[in-house]
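Read the structure below first, then the notes.
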Amino acid sequence: MKRRLAGAGVIGALVAGLWPAAAPEAQTPAPADLVLVNGAILTVDPRDTVAEAVAVTGGRIVAVGTNADIRARAGAATQVVDLGGRAVTPGLIDTHVHFTEVDALFNVDLSDPSITKMDDVLARVAAAVAKTKPGEWIRGRGWDEGKLAERRHITAADLDKVAPNNPVWLTNTTGHYGVGNSYAMKIAELRKGTPDPPAGTIVHEADGDPNGVLLESAMNLVTRHVPPMTREQQKAGLVKMIEDFNAEGMTGAKDPGISPLKWELYNELLKEGRLTVRMFALWAGPRALTEAAAVQARVNANPRPPASLGDGMLFSGGVKMYMDGSGGARTAWMHEDWNKNLNDVDTGNAGYPNTPPDQYRTMATNFHKAGVHVSTHAIGDKAIDWVIDTYAQALAAAPTKGLRHGLIHANTPTDHANDEMARLQRDYDAAFPEASASFMWWIGDTYAGNFGPRRNARMKPFRTWVRKGVRWGGGSDFSVTPFPARYGIWASVARETLNGSFGKTPFGMDESVDVRTALKSYTIWAAHTIFLDDRIGSIEVGKDADFAVWDRNPYTVPTAALKDMKAELTFVKGRAVFRGPAFQAAARGR
């Protein structure tokens, strides 16, 4: 018997050597914490796959596939979300947003689209005056002369009619100019002979008196007298913004130009478990060489990307710098004079740099050598060229790859700039535009008149960038434009202005892109600009479960319907941070 068993063992060994071993029986995967089924999962993976369902365990995506595949991962304790055919996208990311709603909470809101004439503006200011003691400041933000029937700036003379006994300061929607009344100008000691400050302009009436409108650095003449918001007000503005971001299916942001107090508040909210938007913060950068060391010290005091606080929730990302001003104020630095009223020329005005160019180049180069991510505001084509050439020179001297330097706005880049962006992205992982498509919509009427027909045709040249291999991150520049990313996705495709003052599409359609490309700019490409594309930006196995459920499928609805998309459920790391009405009842029933 033993021999027989022995012999059988020898034969068995020989047979085993001739045939492959049987595959081990497949193990049933452990039940997932969360599954979403019966939907259209727009993964934004390299093949832009559309799946039916997704499973999440421990805050990470563990499976993407068919309903049958994912239902098999549901156990007794699994949270099952029946999407009922709804679409799911990666959580949307805004790569340029001044992240607070403190102005909306505590100041006069002049961004309301129902404000269409000067009397509407004055009525809002008068209402604030009625609730304010004489001598106290009235603050407001969001006005845009391009939305007013009069198509002109608000002036001190206008404001004096409703606020003779209160100082008033109203910031334009661009943030690059504003207007004060006579009371405010008196406090600031602004008079006929007051000289323009460096990189700023005091606007005058024909008789030489200042009319209350101050551009760029000239705003500081008044704003330095305006009482700042309290710490409590600033925290409330952040909390409101986080909540509203999540309600729009948004899970990540790049906040440029923060102060030490704002960084402190972000850390506080992170510790409290209330920071449910991934925050990539850029320190306010220097405007002169004498300021650079202090900024570098703030950077040095914190971890640098890809290191973060809160496991990918808060980044001390780097530094925001400025090269020029505004397209609304016609202060951005251009190669040729600005237009006005579309076809007229603002003779002698090609804008100006608001950081001395040689000092900017030195400071940006030094930050690069120190391994610091830099993102630079550049609106005008000359400013864009200067910034791109600065990055190119810095990278040639110190070829550090992966710092992902950014180009904020990049409205009308030259062919040279487009070619350099493509080269620097390919060779150094740098020079990524942070483009606000919604400029073409929300401030597009003002923009179209100021940039003029020739430059309008190359406004936000998305199709050119696709052709050249340039990737970009979408942003709102809130509060310059409304922050919901759905507006930027729609504007990338439609390129329509709000009021059609110079026609519905004065920027043309040659640079329009399809919705799939537009979505990438607010997901996977945006994630790259904040050093998180290995964790978020697409719905793929192994990535964090940041995604949003929508009331419609952006890939299948008409273009006009993109603007009105509604988020119904938002997840960050697999946890629901927003539930719309349709899913609130389901949550209560569990």
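According to numbering that gives the first Met the number 0, the sequence shown is numbered sequentially starting from 0. A virtual CB, placed ideally from N, CA and C, is assigned to each residue, including glycine.
| Check | Outcome |
| --- | --- |
| Can you tell me the Cα-Cα spacing of residue 58 and residue 282, whole angstroms? | 30 Å |
| Would a C-beta distance cut-off of 9 Å place residue 233 and residue 107 closer than the cut-off? | no |
| Can you name the start and end residues of the beta strand (DSSP E) that residue 374 belongs to? | 373–377 |
| What does DSSP give as the partner residues of residue 41 in its beta bridges? | 49 |
| Given residue 344, which residues of its chain have a CB within under 7 Å of its CB, disregarding the five upstream and five downstream residues? | 336 and 338 |
| Are the CB atoms of residue 331 and residue 350 within a distance shorter than 9 Å? | yes |
| Tell me where the alpha helix (DSSP H) around residue 533 begins and ends. | Where residue 533 is concerned, there is no enclosing alpha helix (DSSP H), given that its DSSP letter is neither H nor E. |
| Could you check if residue 209 is buried or exposed, using at least 16 other CB atoms within 10 Å of its CB as the buried criterion? | buried |
| Taking its Cβ as the centre, do 16 or more other Cβ atoms sit within 10 Å of residue 415, making it buried, or is it exposed? | exposed |
| Please state whether DSSP places residue 575 in a helix, a strand or coil. | strand |
| Write down every uninterrupted run of the alpha helix (DSSP H) in the segment 210–237 whose length is 4 residues or greater and which is fully enclosed by it, in chain order. | 219–222 |
| One question on the structure: do residue 175 and residue 327 come within less than 9 Å of each other, judged by their Cβ atoms? | yes |
| Does the beta-carbon distance from residue 200 to residue 214 come in below 9 Å? | yes |
| Taking the C-alpha atoms as reference points, what is the distance between residue 48 and residue 424? | 25 Å |
| Tell me, which residues are paired with residue 594 by DSSP? | This structure cannot speak to residue 594, because the chain is shown only from 0 to 589. |
| Measure the C-alpha to C-alpha separation of residue 561 and residue 46 and round it to an integer number of angstroms. | 22 Å |
| I want to know whether the segment 109–120 touches the segment 135–153 - three or more CB-CB distances under 8 Å. | yes |
| Which value, in whole angstroms, describes the spacing of the CA atoms of residue 17 and residue 578? | Its pLDDT being 31, under 50, residue 17 is placed unreliably in this model, and the value from its coordinates should be taken loosely. When rounded, the distance between both Cα atoms is 59 Å. |
| With residue 485 as the anchor, note down where its alpha helix (DSSP H) starts and where it stops. | 484–493 |
| So, helix, strand or coil for residue 88, using DSSP? | strand |
| Just the C-alpha distance for residue 300 and residue 399, rounded to the nearest angstrom, thanks. | 21 Å |
| Is residue 133 buried or exposed, if buried means 16 or more other CB atoms sit within 10 Å of its CB? | exposed |
| Hey, residue 248 and residue 496: beta-carbon distance below 9 Å or not? | no |
| For residue 558 and residue 489, which I take to be in contact (beta-carbon distance under 8 Å), what is that distance rounded to the nearest angstrom? | 7 Å |
| Can you name the residues that DSSP bridges to residue 200? | 214 |
| Can you give me the Cβ contacts of residue 441 inside the same chain, cut-off strictly under 7 Å, excluding the 5 residues immediately before and after it? | 480, 481 and 497 |
| Would you be able to state if there are at least three C-beta pairs under 8 Å between the segment 385–405 and the segment 359–375? | yes |
| Closer than 6 Å by C-beta to residue 151: which residues in its own chain qualify, once you throw out the five before and the five after it? Chain order, please. | 144 |
| If you draw a straight line from the alpha carbon of residue 358 to that of residue 556, how long is it in whole angstroms? | 49 Å |
| Would you identify the three-state DSSP class for residue 338, choosing helix, strand or coil? | strand |
| Kindly indicate which residue of 60, 408, 260 and 217 has the alpha-carbon position closest to the one of residue 546. | 60 |
| Have a look at 566, 542 and 401 and flag the residue whose alpha-carbon is nearest the alpha-carbon of residue 551. | 566 |
| Within the same chain, show all residues whose beta-carbon is closer than 8 Å to that of residue 563, passing over the 5 residues directly before and after it, in chain order. | 485 |
| With respect to the alpha helix (DSSP H) encompassing residue 520, which residues constitute its N-terminal and C-terminal limits? | 514–520 |
| Going by the beta-carbon positions, is the gap between residue 211 and residue 153 smaller than 9 Å? | yes |
| So which of 478, 216, 181 and 182 has the shortest CA-CA distance to residue 198? | 216 |
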